[in-house]
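Here the sequence shown is numbered in full-length UniProt numbering, starting from 1 and rising by one per residue. Working notes for the structure below.
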Amino acid sequence: MTSSKKVGCLVRRMQDTHTGVPLLTRHWRTIAVPNAGIGHNITDWILRNLKITLEETFNLCNLLVRYGYLYPVYPATHLGFHLNKLYHFQTPYFWPDRHLEASDMDYAVHLVKKNILSNGQLAEYEKMRYHQLFKSQHCKWDFVIIQAQEQIRTVQERKKGDRMVLANQEQAYWRVARPPPGLDSDALHGPVKHTMALHRDQVVELYKKEILYCRKALGRARLKPSVSLEGLLKYSEQFSPLDPLLSGCLPNNPWMTDDTTYWVLNATMVEVPLRLRVERWAFSFQELIQDLRGRKEFQEFLCKEFSGENLNFWEASEDLLHGDCTRVQEKVEQVYTDFLAPGAKRCINIDAKTMAVTIEGLKSPHRYVLEAAQTHIYMLMKKDSYPRYLKSDLYKTMLARAIVASAVNAHSH
């Protein structure tokens, strides 16, 4: 029997209604607290039923409190065991051997709930963690607050003593799962040792899957070093003219001279861009659309082909993906009205399966709900519109008009 199971059996014996620790309804201040035991009754029971010394008894009681099997009825800053305090036995659901997932979301709900009920009187370490969770869970914070308020509303229907018990149970659990600073890190896991042995079958199955994966990997084709190096060399040669360290900063480095022509010619929406910049649009479709000036030229080309709504939809999807999370619902509705609704003015052309997946996702909108449709439109533009744009007169004209940096530099001198 593992140590955690032994502790569980001991705690169950201590709670036996006939032979266990006397548990009665006690009064703390004006609150009737059910099923509470006094510290000296707990030590007396252990001395009678276990063959251990008084010192070992106190050590055992301290461990039971530390790992959350026992918790004080009223708030305590010190986690040690005291003879004259009232204690509750933790419900088995919160025992450390249950290995509950103490997620950040659940902890955030607990802290918000505690902050509301205590009017902001959190411990210093809890305040610090509250702010950390607010930053990391910012996009879900409205949901956290709703969850906390709903749990408070449910608990308020109970008697005052029961509310106190539930609050203490939760606090005791989080004191173990997310211990205060200074508490040993092993308290996070409780007194469970060799947990791998508890999941031996799962571990064996995991290794079987890994062996199968490695065997399949051995049969897969791998790129030869010569092919990989050739790809790296081609990439380096392609981008080297754009690297100011390798090819120099033309027309002049504005950080080393008083000439700001470089910044003027490389402005985001400059009327006539540099030739190197226009040539870069031909490297890949991603290079084209990540440049706002190139995207504007591509949009003009798409409008001539009566497919400008594709780029408009892609931009709207990007705005939803990276924009303000508080406006997700509003943006999703706008995208649906403009591009997806039957009879929309700028209806996009996507297959029925992608449309069905997207429409179904709109019922529970989130920032990734348009991912399938956006990927479909992106690949459509990349494989169809982009190659035709590079062959179009629009691109060739822009390439011919583009400014050659070296010529500008020579002229300036």
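Where a beta carbon is used, it is the ideal one built from N, C-alpha and C, also for glycine.
C-beta atoms of residue i and residue j nearer than 9 Å
| i | j | result |
| --- | --- | --- |
| residue 15 | residue 23 | yes |
| residue 297 | residue 398 | yes |
| residue 356 | residue 313 | no |
| residue 311 | residue 302 | yes |
| residue 288 | residue 281 | yes |
| residue 316 | residue 339 | yes |
| residue 95 | residue 69 | yes |
| residue 278 | residue 270 | no |
| residue 273 | residue 261 | no |
| residue 385 | residue 305 | yes |
| residue 42 | residue 21 | yes |
| residue 100 | residue 111 | no |
| residue 171 | residue 127 | no |
| residue 275 | residue 402 | yes |
| residue 300 | residue 390 | no |
Three-state secondary structure assigned by DSSP to residue i
| i | result |
| --- | --- |
| residue 74 | coil |
| residue 315 | helix |
| residue 266 | coil |
| residue 87 | strand |
| residue 193 | Low confidence applies here, because residue 193 scores a pLDDT of 47, under 50, leaving its location unreliable; read the following figure in that light. Coil, per DSSP. |
| residue 445 | Here the chain covers residues 1 to 413 and nothing more, so residue 445 does not appear. |
| residue 27 | strand |
| residue 403 | strand |
| residue 274 | strand |
| residue 362 | coil |
| residue 415 | This structure gives no information on residue 415, because the portion of the chain shown stretches from 1 to 413. |
| residue 114 | helix |
| residue 372 | helix |
| residue 414 | Shown here, the chain extends from 1 to 413; a query on residue 414 therefore has no answer. |
| residue 256 | coil |
| residue 211 | helix |
| residue 429 | With the chain covering only 1 through 413, there is no way to say anything about residue 429. |
| residue 19 | coil |
| residue 239 | helix |
| residue 174 | helix |
| residue 126 | helix |
| residue 345 | coil |
| residue 303 | helix |
| residue 290 | coil |
| residue 149 | helix |
| residue 202 | helix |
| residue 283 | coil |
Buried/exposed call for residue i, threshold 16 Cβ in 10 Å
| i | result |
| --- | --- |
| residue 243 | exposed |
| residue 174 | buried |
| residue 309 | buried |
| residue 168 | buried |
| residue 267 | exposed |
| residue 350 | buried |
| residue 27 | exposed |
| residue 342 | exposed |
| residue 329 | exposed |
| residue 54 | exposed |
| residue 425 | Residue 425 lies beyond the residue range present for the chain, which begins at 1 and ends at 413; the question has no answer from this structure. |
| residue 381 | buried |
| residue 193 | Its pLDDT being 47, under 50, residue 193 is placed unreliably in this model, and the coordinates cannot settle the point. |
| residue 90 | buried |
| residue 369 | buried |
| residue 97 | buried |
| residue 73 | buried |
| residue 352 | exposed |
Own chain partners of residue i with C-beta closer than 7 Å, once the 5 adjacent residues on each side are dropped
| i | result |
| --- | --- |
| residue 81 | 39, 58, 61, 62 and 65 |
| residue 247 | 240 and 241 |
| residue 11 | 69 and 89 |
| residue 249 | 262 |
| residue 155 | 163 and 166 |
Neighbourhood of residue i by C-beta, 6 Å cutoff - its chain only, sequence neighbours within 5 removed
| i | result |
| --- | --- |
| residue 181 | 125 |
| residue 162 | none |
| residue 49 | none |
| residue 189 | Its pLDDT being 47, under 50, residue 189 is placed unreliably in this model, and the coordinates cannot settle the point. |
| residue 379 | none |
| residue 93 | none |
| residue 404 | 275 |
| residue 47 | 57 |
Contact test: residue i Cβ vs the ligand ATP heavy atom, cutoff 8 Å
| i | result |
| --- | --- |
| residue 224 | Looking at this structure, you won't find the ligand ATP or any other ligand, since it has none at all. |
Neighbourhood of residue i by C-beta, 8 Å cutoff - its chain only, sequence neighbours within 5 removed
| i | result |
| --- | --- |
| residue 187 | Summary for residue 187: the model assigns pLDDT 44, below 50, so the residue's position carries little reliability; its value from the coordinates is reported in the next sentence. The answer, listed in chain order, is 66, 67, 176 and 179. |
| residue 345 | 338 |
| residue 117 | 152 and 167 |
| residue 348 | 309, 310, 313, 339, 340, 373 and 377 |
Next item on the list: Tell me, please, whether the stretch 126-138 touches the stretch 101-111 by the rule of three or more beta-carbon pairs shorter than 8 Å.
Entry: yes
Check: Do the stretch 327-338 and the stretch 357-375 make contact, defined as three or more Cβ pairs closer than 8 Å?
Finding: yes
Check: Does the stretch 210-229 come close enough to the stretch 251-261 to have 3 or more Cβ pairs within less than 8 Å?
Finding: no
Next item on the list: Would you check if there are 3 or more beta carbon pairs closer than 8 Å linking the stretch 140-151 to the stretch 82-93?
Entry: Put simply, the stretch 140-151 does not touch the stretch 82-93. Fewer than three CB pairs are less than 8 Å apart.
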